[in-house]
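Sequence positions in the sequence shown follow my numbering and run 30 to 494. Structure, as structure tokens:
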Amino acid sequence: MTQYDVVIIGGGPGGYNAAIRAGQLGLKVACVESRKTLGGTCLNVGCIPSKALLHASEMYNEAMTGFASLGIKVSPELDLPQMHKQKADSVGQLTKGIEFLFKKNKADWIKGHGSIAGPGKVLVRTEDGSEQTLEAKNIVIATGSEPSRVPGVEVDQQRIVDSTGALAIPQVPGKLVIIGAGIIGLELGSVWRRLGAEVEVVEFLDRIIPGADGEIATAFQKALTRQGFTFKLGMKVTGATRSDTGVTLTVEPKAGGEAQSIEADVVLVAVGRRPFTENLGLESVGVKPDPRGFIDTDHYKTSAPGVWAIGDVTHGPMLAHKAEDEAVACIELIAGKAGHVNYDVIPGVIYTAPEVAWVGKTEEELKALGVAYKAGKFPFTANSRAKVNHEAEGFVKVLANAKTDRILGVHMIGPSVSEMIGEYCVAMEFGGASEDVARTSHPHPTRSEALRQAAMGVEGWTMQA
Ligand code: FAD
Ligand code: NAI
């Protein structure tokens, strides 16, 4: 039996960052992962392959529709097998990179399924049936999440797919129907729309991207509609019938009314994700997940001494960087340091075109909290760099406390906003005011000037619009 300071179950952004940080801090650490490669959902079937397809499909779309107006004549042809191959190559290189970092930081990757076998014990079973028990002073649960299901709509990864299947569709479907107008539905819908599919989105709520700022959601829906998306909002799916050639979905208004059927070549189920704790042995240490399956924690400590939990399996946004931040904080706490995550400053991004990015509170949240705020807004149509690049769709909105000017929330839709939201994360982490950003020099001509102009707008002295 091998004795470890920390054994982590799950090798995704939570687990692998925890293993690396533990190694850096001189702890003896092992990470148990049952997949053939490290990196979890994010690297294998999430963030990375989806961004590879989003980038490639955006390039294809630009070549098809954008180059001509710049004076570049091309005749693009889609090579979907190559598009999937370059995605797989990137995934392969990045997952290998994690393996290298494990070796560099002396973290052991124990291949197999891990389950807690009582206080301080993790049982690992490999595919060939062999077993070993690891002894651990601390166990960190980082088992992540899996796609939620819709009753009556059974995923077969051929005609009815979840996000994993949607990343590997071998031919562009004639019509793709997506259940759920959340981040996965709209990112992967964008991929297949750009490659030529007709895309229809069926959403239970009366709006898209719940949780994001309402004004941004409205602008985003308009942008996607211009790209050819159609939306059926306020609809619930009641069933699906599969044939050799497609799927018939039955839907009805959630408020009641006549049922309708929708024909699809492929249906993507993208209705959220649920925490994954199957066969984890939680009962052996008396940890009981909440009714939705999440593990409750207090500063990453579960109710069982020496058992910690981080990432998607715990409450909060299901995002790779949230898992990563928690990994570092949790290991630092285990090592007796002051690990900490600022949950008010976790950004969200949708990697479509235009992109959507935000951090902090939405206008709706501030109103509900009764916080008096001022808003500054700046459109990309008035930003010279966006204008010359022919990507002037969208705007930046800064929300600041009416009394103190402290930045409370920032919401953007437009070009490269995924890369620019970090500026406001830093400003907010430092407790910055909108005036701090408004008086900070930004290079000209860049899209980032729109961030500064929106901050100037909080006090009404925007110069360029
Ligand atoms: P996971 O990444 O799910 O890792 C958990 C790992 O644990 C898995 O590899 C699993 O095999 C392993 N495991 C589970 N149980 C056991 C066990 N008992 N024994 C051994 N191993 C086990 N987030 C972003 O921030 N940005 C994005 O752009 C983004 N894009 C996404 C796109 C898609 C299509 C999807 C599905 C998700 C995306 N996410 C994105 C979300 C992101 O992938 C997750 O938030 C993140 O992976 C959570 O990390 P985690 O370590 O908590 O869990
Ligand atoms: P989501 O929670 O973003 O959206 C799910 C949508 O489905 C919601 O709008 C919800 O109202 C709707 N819905 C739920 N049940 C429904 C039903 N029966 N019929 C119709 N609509 C229904 O979940 P999604 O898109 O599956 O993504 C899961 C998680 O993955 C997200 O929480 C997100 O954090 C993460 N992710 C992050 C990405 C990023 O950071 N860019 C990219 C992709 C995923």
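Just so it is clear, CB atoms sit at the ideal spot from N, CA and C, and this is done for glycine as well.
Quick check: what's the CA-CA separation for L362 versus L54?
For the pair L362 and L54, the Cα-to-Cα distance works out to about 11 Å.
Give the DSSP-derived three-state secondary structure of M264 in the structure shown.
It is a strand residue.
Given this structure, state the Cα-to-Cα distance separating G43 from R64, to the nearest angstrom.
C-alpha of G43 to C-alpha of R64: approximately 15 Å in a straight line.
If we count the other Cβ atoms within 10 Å of its Cβ and call it buried at 16 or more, is I9 buried or exposed?
Look at the range of the chain in this structure, 30 to 494, and you will see that residue 9 is not part of it.
Return the Cβ separation of H369 and A358 in integer angstroms, given the expectation that the two are a contact with Cβ distance under 8 Å.
At roughly 6 Å, the Cβ-Cβ gap stays under 8 Å, so H369 and A358 are in contact.
Assuming K390 contacts L428 (C-beta within less than 8 Å), just tell me the rounded distance between them.
Going by Cβ atoms, the distance from K390 to L428 rounds to 7 Å, so yes, they are a contact pair.
What are the boundary residues of the beta strand (DSSP E) that L130 is part of?
No beta strand (DSSP E) contains L130, which is instead part of the alpha helix (DSSP H) from L109 to K133.
List in chain order: all unbroken alpha helix (DSSP H) runs of 4+ residues lying wholly within the stretch 342-399.
With a minimum length of 4 residues, the continuous alpha helix (DSSP H) runs that stay inside the stretch 342-399 are 349-363 and 392-398.
How big is the Cα-Cα spacing for I213 and D327?
About 29 Å.
Got a sec, what are the start and stop residues for the alpha helix (DSSP H) T254 sits in?
First-last of the alpha helix (DSSP H) with T254: G243 to R255.
Check your reading: residues with Cβ closer than 6 Å to the ligand NAI heavy atoms:
Sorted by position in the chain, V179, I208, G209, A210, G211, I212, I213, G214, E216, V231, E232, F233, L234, P239, K265, V266, A299, V300, G301, R302, P346, M347, L348, V378, I379 and Y380 make up the residues whose C-beta lies under 6 Å from a heavy atom of the ligand NAI.
Cβ-heavy atom distance, F131 to the ligand FAD, below 7 Å:
Not so, every heavy atom of the ligand FAD lies at least 7 Å from the Cβ.
Taking the DSSP output, what are the residues bridged to P474?
None; P474 has no bridge partner.
In this structure, how does DSSP classify L437 when only helix, strand and coil are distinguished?
L437 sits in a strand when the DSSP states are folded into three classes.
Among T274, E384, S104 and N412, nearest to G443 - alpha-carbon criterion:
Of the candidates T274, E384, S104 and N412, the one whose C-alpha sits nearest the C-alpha of G443 is E384.
Should the stretch 297-304 be called in touch with the stretch 124-136, which here means at least 3 C-beta pairs below 8 Å?
Taking 8 Å as the limit for Cβ pairs, the verdict is that the stretch 124-136 does not touch the stretch 297-304.
Residue range of the alpha helix (DSSP H) that Y89 falls in?
C76 to N90 is the extent of the alpha helix (DSSP H) around Y89.
Assigned secondary structure, Y25 (DSSP; H/G/I helix, E/B strand, else coil)
A query on residue 25 cannot be resolved here, the shown segment of the chain reaching from 30 to 494 and no further.
Heavy atom of the ligand FAD less than 7 Å from the Cβ of D341, yes or no?
True, at least one ligand heavy atom lies under 7 Å from that Cβ.
Contact check, I139 vs A59 under 8 Å by CB: the rounded distance?
Confirmed, about 5 Å.
Can you give the Cα-Cα distance for A479 and W387, rounded to whole angstroms?
Approximately 14 Å between the Cα atoms of the pair.
Judging by CA-CA distance, which residue of V296, I170 and G257 is the nearest neighbour of T331?
When each option's Cα is compared against that of T331, the closest is I170.
Beta carbon of L130, beta carbon of L72: below 8 Å?
Between L130 and L72, the C-beta spacing is not below 8 Å.
Residue of Q256, V153 and A431 minimising C-alpha distance to V400:
It is A431.
So T22 packs on V342, CB below 8 Å; how close in whole Å?
What is shown of the chain runs 30 to 494, which leaves residue 22 out entirely.
Anticipated Cβ contact below 8 Å, A288 with T279, distance rounded:
Between A288 and T279, the beta carbon gap of about 6 Å places them in contact (Cβ cut-off 8 Å).
Thinking Y380 and L83 are a contact (beta carbons under 8 Å), I'd like their distance in whole angstroms, please.
That pair is a contact at about 5 Å.
Taking the alpha carbon of N90 as the point to measure from, which residue in W221, Q115 and K114 has its own alpha carbon closest?
From the listed residues W221, Q115 and K114, the smallest Cα separation to N90 is found for W221.
Could you give the DSSP three-state label for S144: helix, strand or coil?
Correct three-state label for S144: strand.
With DSSP as the reference, identify every bridge partner of G443, one or two as the case may be.
Note: G443 sits in a beta bridge opposite E384.
By the 10 Å Cβ neighbour count, where 16 or more other Cβ atoms means buried, how is A338 classified, buried or exposed?
Classification for A338: buried.
Taking a contact to mean a Cβ-Cβ separation below 8 Å, would you say T410 touches K416 in this structure?
Taking 8 Å as the Cβ cut-off, T410 and K416 qualify as a contacting pair.
Name, in chain order, the residues that DSSP records as bridge partners for F424.
According to DSSP, which records beta bridges pairwise, F424 is partnered with P408 and I442.
Using CA coordinates, which residue listed in T491, K366 and S463 is at the minimum distance from R50?
Cα-wise, what sits closest to R50 is K366.
When you compare each of P346, E312 and E353 to A333 by their alpha carbons, which one comes out closest?
Across the set P346, E312 and E353, the C-alpha of E312 shows the shortest separation from the C-alpha of A333.
Would you call the CB atoms of G39 and G173 closer than 8 Å?
Against a cut-off of 8 Å, the Cβ pair of G173 and G39 comes out as a contact.
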